[in-house]
Amino acid sequence: MDSQNKYLTDLSDFLRHEIHQEHIKFGYYQSRGRVAVIAQNTALLNALKQDPDQSPDSQTLFLVMSWLMGKPRQPASRTTHSLLSSISPDIFSGSTIHPNHNLFVDTFDSPYQWQEGETRAAEQLADALLPSGQWHRHYDIVVLSSKATEQQVSLIQHWMLLTGGSVLIYQEEETSSAIKKLLDTIIPPHDRHIRPSSTQIASNQPTQTGIAVYSQKKTEPQANRQPTHIMTLPHLQNLTSPLPHQQIDTVWIYDAKIIIPKAGKYTFALDTSRIEQDIQLEIGTQKIAVTKGEQTPTLTFNHLKEGERCAMRITTTTDGRPPEFRLGWAPPNTDTLALIPQDAFVHEPILQNSAPTKKAPRYRDEMPLADVMQMAPSIHGVQQVISLPSTAINQLALTDERLREIEYFSVTLKKGSQQQILKLDDIALASHASWQTLAKDIEHKINQRLAPLAAPITVDYRDHTLTLKGNGLTFTQFQLKKSQQIPYVEILKNVTTVQVPQSVTHSIHFTLEQLNSLTHITLSLTGKHGRQINLIRRAFKSANVQFASPEEFAGYLQRVLRHYSQDTSLQVVWDDKDERLKVIDHVNRALKALSFGYQEQKHPLIIAENTTELPNHLTVEAITGKLPQHANISHYQQLEGAKSGSIRLNSHTGEWFYLPNRRSPFTGHDQFDFVAMFKDGRRSAPLSIQIQTEKAPILSRPGIRTFSVPDPIYNPPAARNYAVPEDMQVHGITLTQTHQQHPDSPYLSLIAHRWALVKVDITSRTAANAPDIVAIVSDQQGNELGRVRLMGPRQLPQQLADMPVAPSVSHKIADQLSYSAPLKGAWIKPDIRIRLIADNQPITLPYTDSDGYFSPKVTEVPPLTARVANHHLYQTGEGLYAYSPLSWGKEAVAKLPVSQLTLHSSPSHTLAPVLSGYIHRDCSPPCRARLPTS
Numbered sequence: 003m004d005s006q007n008k009y010l011t012d013l014s015d016f017l018r019h020e021i022h023q024e025h026i027k028f029g030y031y032q033s034r035g036r037v038a039v040i041a042q043n044t045a046l047l048n049a050l051k052q053d054p055d056q057s058p059d060s061q062t063l064f065l066v067m068s069w070l071m072g073k074p075r076q077p078a079s080r081t082t083h084s085l086l087s088s089i090s091p092d093i094f095s096g097s098t099i100h101p102n103h104n105l106f107v108d109t110f111d112s113p114y115q116w117q118e119g120e121t122r123a124a125e126q127l128a129d130a131l132l133p134s135g136q137w138h139r140h141y142d143i144v145v146l147s148s149k150a151t152e153q154q155v156s157l158i159q160h161w162m163l164l165t166g167g168s169v170l171i172y173q174e175e176e177t178s179s180a181i182k183k184l185l186d187t188i189i190p191p192h193d194r195h196i197r198p199s200s201t202q203i204a205s206n207q208p209t210q211t212g213i214a215v216y217s218q219k220k221t222e223p224q225a226n227r228q229p230t231h232i233m234t235l236p237h238l239q240n241l242t243s244p245l246p247h248q249q250i251d252t253v254w255i256y257d258a259k260i261i262i263p264k265a266g267k268y269t270f271a272l273d274t275s276r277i278e279q280d281i282q283l284e285i286g287t288q289k290i291a292v293t294k295g296e297q298t299p300t301l302t303f304n305h306l307k308e309g310e311r312c313a314m315r316i317t318t319t320t321d322g323r324p325p326e327f328r329l330g331w332a333p334p335n336t337d338t339l340a341l342i343p344q345d346a347f348v349h350e351p352i353l354q355n356s357a358p359t360k361k362a363p364r365y366r367d368e369m370p371l372a373d374v375m376q377m378a379p380s381i382h383g384v385q386q387v388i389s390l391p392s393t394a395i396n397q398l399a400l401t402d403e404r405l406r407e408i409e410y411f412s413v414t415l416k417k418g419s420q421q422q423i424l425k426l427d428d429i430a431l432a433s434h435a436s437w438q439t440l441a442k443d444i445e446h447k448i449n450q451r452l453a454p455l456a457a458p459i460t461v462d463y464r465d466h467t468l469t470l471k472g473n474g475l476t477f478t479q480f481q482l483k484k485s486q487q488i489p490y491v492e493i494l495k496n497v498t499t500v501q502v503p504q505s506v507t508h509s510i511h512f513t514l515e516q517l518n519s520l521t522h523i524t525l526s527l528t529g530k531h532g533r534q535i536n537l538i539r540r541a542f543k544s545a546n547v548q549f550a551s552p553e554e555f556a557g558y559l560q561r562v563l564r565h566y567s568q569d570t571s572l573q574v575v576w577d578d579k580d581e582r583l584k585v586i587d588h589v590n591r592a593l594k595a596l597s598f599g600y601q602e603q604k605h606p607l608i609i610a611e612n613t614t615e616l617p618n619h620l621t622v623e624a625i626t627g628k629l630p631q632h633a634n635i636s637h638y639q640q641l642e643g644a645k646s647g648s649i650r651l652n653s654h655t656g657e658w659f660y661l662p663n664r665r666s667p668f669t670g671h672d673q674f675d676f677v678a679m680f681k682d683g684r685r686s687a688p689l690s691i692q693i694q695t696e697k698a699p700i701l702s703r704p705g706i707r708t709f710s711v712p713d714p715i716y717n718p719p720a721a722r723n724y725a726v727p728e729d730m731q732v733h734g735i736t737l738t739q740t741h742q743q744h745p746d747s748p749y750l751s752l753i754a755h756r757w758a759l760v761k762v763d764i765t766s767r768t769a770a771n772a773p774d775i776v777a778i779v780s781d782q783q784g785n786e787l788g789r790v791r792l793m794g795p796r797q798l799p800q801q802l803a804d805m806p807v808a809p810s811v812s813h814k815i816a817d818q819l820s821y822s823a824p825l826k827g828a829w830i831k832p833d834i835r836i837r838l839i840a841d842n843q844p845i846t847l848p849y850t851d852s853d854g855y856f857s858p859k860v861t862e863v864p865p866l867t868a869r870v871a872n873h874h875l876y877q878t879g880e881g882l883y884a885y886s887p888l889s890w891g892k893e894a895v896a897k898l899p900v901s902q903l904t905l906h907s908s909p910s911h912t913l914a915p916v917l918s919g920y921i922h923r924d925c926s927p928p929c930r931a932r933l934p935t936s
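Oh and the sequence shown: position 555 is 557 in the working numbering, straight run, nothing missing.
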């Protein structure tokens, strides 16, 4: 089997396994759209955070996304594909997706929830799916929750039929009836008789108590491996295992679901003290791999729901002996680990023979697996663009002048795809005469703190570059800094004072990082017998003095204060429980001032960022990247060199290094090309890399929609022909467009060409029959523009209800006692005259003339144009909308004093402008070098 076939076979087997575990399902919708369902309690969706060239899980999900789009793709290519998500950005966010997946996710962070009948939430999805010409972003995939409403699903079904688009369903604990109907349409009818539907959620399937344990022979080829059910364990509370001993090297798989008894934060811990080989723990969407000898691995979930079932899988390999480990948790509101009880474990029904000696049967392909595998990437031609902040390349040089300035360094490390394991901030460095000795000093200081966590790293200086290397480690950022004098910065924090008979305690909340940044103190105490302390902005340490614990800081500050004040009655302690620094005065003096500050700032000289998280090394001064990977590639060759720099290429791994020339200036743009050589002798199309210091302007066509306030459909009441009663009393007339005002109000100003509501309040003590009330609108010359009969109760009310201040149900009831009608927008013009008559008799009030006419102020307002640029800052790969992209204009034009609103709304783009902290005028700007990859 050649490498390409093996590559496809491995991916196919992995997909089959995920389907077997009900982690993912596929299907077609009426031969047009494609549908995939991914369970929430699997680590598969979490694989989007990993590089598809480095992780099999991520590579599989890359294929799934390509299948949904219906087109083959290449990781790390220049072409980006857009997804539209209706689920919370806390669950599915484009900013957490690895950039090599080439995905951009538009989502909503809106106060309007998807509920039946809520039109504003529906408009969010509908606006973005408008055809080109109305909304200028094409979405290949829409992401829905399994709790999607009937309105959502109906809209997406219509969209799939029109465009052939695809849907990714995020399977939560609940499934709405609309989603169930959609999933029923994508399952071939004959499959329903063979086995339960693959789209049925796991929580709806019958479960059995305990943990299902499977084994498979390690020596078998991957394609032939089939897990065999060995035994069902009741719990994982004992290190000794009752599992039977196997004769050969064996892969052990523990599968179960953990039932959460109480909502809140949970930490799961695996006792691996007796594990001889590597072990992998997966719970929900998190996964951690542990090597022999490492500390107890833990996984933390900030909020799990009561009754939620978290999928658990533990995988390890032994020489045949059953593995020995235990699993515990720390439930909400406790920091104490306890073994997970027996009643918390359930597992899916065993889908194979329970006899361990029998080979597990193969399961059916209930998915278009062959279609998915056709999406395996191949190398054709790739174009990549790397953008750096302006002037960054010319300032990357590690010169002797820079060497003399360096006083501190900071570094952040991750292990594999896990969270960061080490973060060092502002570690002081001694003065060095060469870059080689500085590199070894940095290496020594990092390894001192890294020793309990991982193998040592190396830091080398060669060919004017500084290279950090660590096996299995990812250097996400590295900084070299110097200290700089700045104007005094006083940190004003709340001081809590507690007095007891023998002493008074003043305390302030701090973190250790904040404490280490402090260099000055202000302390003023007054008391009897002249025992006063008055320290104003007194320096008590230099910026390069750093403490390992708050207790060390407190002890140091106490010694300094006693020295400056010559007073041993002062005591400084650290309260670890409340994280507060406490100054205790045993003489009970009054506090006039207590604050801290600093007059020195650590100023970055060079910032190297590994934005795509290439593992194992980070090169400072070079720009690095990696070419696309493929199983059929033998090696890479350089095709064309760079104009303003030199190129180093690792022909086997595809990693390249661009070093700008030290003497000739960088002109703002550079390009170099590679070619991939296949094992059969063929050559790929050129792989072009472009380096530029300025990003091109964003070219974005906005969606445009014009909104106005149309006249309402009004059916006037039939004529009643009642006379005006003698006791009829008119209380007032109001006009309303955006606000209700009386005609004599100085704030009344109607908008021309926009309909207005006229309302009159009338009462009768005898509740007499109401006469016909008509509003007549005339122009300045007396020509009648129109008339309308007002609607109201058949009998005049005896009294008016009090109007509440805020809108309420009682307010609406009060309005029902009035008589009102809409005046058409065509009637509302400057200098109009309005007259109300009751049974052909004019209604007169102090603000009308004797014939009942009044002239409200009418203003000609030009149409309003609003231009909205949706920008999302520092969250690469994600667009965020607070409301619907276009339809919010309908609500806006109803509330604004305009007759027409034209909205230009552009699709969201991610921006990352350079941020410069406070720098004194004598400081030169820092060099901030981005080190992206392909």
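In this text, a Cβ means the ideal position worked out from N, Cα and C, and glycines have one as well.
Give me the Cα-Cα distance between residue i and residue j, rounded to the nearest whole angstrom.
i	j	result
VAL863	HIS874	33 angstroms
ARG323	LEU341	23 angstroms
LEU470	PRO458	11 angstroms
ILE285	PRO606	40 angstroms
THR109	ASP129	12 angstroms
ASP59	LEU494	49 angstroms
TRP890	VAL107	21 angstroms
GLN742	GLN801	20 angstroms
GLN42	PRO229	24 angstroms
Just verifying my parser: in three-state terms, what is the DSSP assignment at residue i?
i	result
ARG315	strand
TYR172	strand
ASN496	coil
THR209	coil
ILE2	Given that the chain is displayed from residue 3 to residue 936, the structure contains no residue 2 and the question cannot be resolved.
PRO101	helix
ALA45	coil
LYS859	coil
PRO54	coil
VAL66	helix
ILE778	strand
LEU802	coil
TYR883	strand
ILE158	helix
Here's the rule: buried if 16 or more other CB atoms are within 10 angstroms of the residue's CB, otherwise exposed. What is residue i?
i	result
ASP938	Limits of the chain in this structure are 3 at one end and 936 at the other, which puts residue 938 out of reach.
SER433	exposed
LYS425	exposed
TYR463	buried
GLN61	buried
HIS508	buried
The beta strand (DSSP E) with residue i in it runs from where to where?
i	result
ALA1	What the structure shows of the chain is the stretch from 3 to 936, and residue 1 is not part of that stretch, so it cannot be assessed.
LEU709	A quick correction: the sequence has Phe, not Leu, at residue 709. Here the beta strand (DSSP E) through PHE709 covers 705-710.
VAL461	460-464
ASN473	First-last for ASN473: undefined, no H or E at that position.
For the alpha helix (DSSP H) that contains residue i, what are its first and last residues?
i	result
GLY891	890-897
ALA180	179-187
ARG406	402-407
Closest to residue i by C-alpha separation, out of the options, would be which residue?
i	options	result
ASN102	ASP55, PHE94 and VAL144	ASP55
HIS237	ARG139, GLN344 and LEU184	GLN344
LYS307	ILE290, ASP257 and GLU174	GLU174
ASP53	PRO688, PRO630, PHE676 and PRO718	PRO630
Within the present structure, is the beta-carbon of residue i separated from the nearest heavy atom of the ligand FAD by less than 7 angstroms?
i	result
ALA541	The ligand FAD is absent from the structure shown, which contains no ligands of any kind.
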